[in-house]
Amino acid sequence: MNTFCQTRTPEDLPKKAPRRKTVFQNEHVLFQTHQDQLLLIQEQGKRRQGLWKLPPCPESKTDQLSLLYKAKYSITHHRVTLHVYASKELSVDDSKWHPLKDIHELAMPSPYRKAVDQLVKNRDQFQLEHR
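When we follow this note's numbering, the leftmost residue of the sequence shown carries the number 13, and every step to the right adds one.
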């Protein structure tokens, strides 16, 4: 024991908690536009409650869709890969259409904001509009 240490029982000192294991996740979402509007859904989870995001898509249905955007981001110990697919379906439960000109005013998680900004800017290239 060092002379500067005041404890007589070092085993009773607090111990640093073990680091949480990294969790890898994939998010699959849809990018749908119609008449200059974008389909969004409001988050219901604890962390992002009330924020707007692109509607989720089951991974099992993604093989039929075109991948438009892919990006990685982190939240605490989670490493997430966001996959955004083109969709021409016009409805998703609990979703709402928002005018593209007003999208910048909506509260949105940063990874979704980046994806939406890039896709809206380049949407003419993708021919995403439902006809």
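Each residue gets a CB set at the ideal place from its N, CA and C atoms; glycine is no exception.
Given the structure is predicted, the values throughout are model-derived calculations rather than measurements.
Given a cut-off of 8 Å, decide if residue j and residue i are closer than it, judged by their beta-carbon atoms.
| i | j | result |
| --- | --- | --- |
| Val92 | Ile115 | no |
| Val6 | Leu66 | Because the chain spans 13 through 143 in this model, residue 6 falls outside it and cannot be assessed. |
| Leu112 | Gln49 | yes |
| Ser72 | Tyr97 | no |
Taking the C-alpha atoms as reference points, what is the distance between residue i and residue j?
| i | j | result |
| --- | --- | --- |
| His142 | Thr74 | Residue placement at His142 cannot be trusted, given a pLDDT of 45 that sits under 50; the coordinates are not used to answer. |
| His46 | Thr34 | 38 Å |
| Gln61 | Asp106 | 14 Å |
| Asn38 | Pro26 | 36 Å |
Please classify residue i: is it buried, with 16 or more other beta-carbons within 10 angstroms of its beta-carbon, or exposed?
| i | result |
| --- | --- |
| Gln76 | exposed |
| Ala29 | exposed |
| Cys17 | exposed |
Starting from residue i, trace the alpha helix (DSSP H) both ways and give me its first and last residue.
| i | result |
| --- | --- |
| Gln130 | Ser122 to Lys133 |
For residue i, report the span of its beta strand (DSSP E) as first-last.
| i | result |
| --- | --- |
| Ile115 | Taken as a continuous stretch (DSSP letters only), Ile115 belongs to no beta strand (DSSP E), as it is neither H nor E. |
How about residue i: is its C-beta nearer than 8 Å to some C-beta of chain B?
| i | result |
| --- | --- |
| Ser78 | No chain B appears in the structure shown, which is made up of a single protein chain. |
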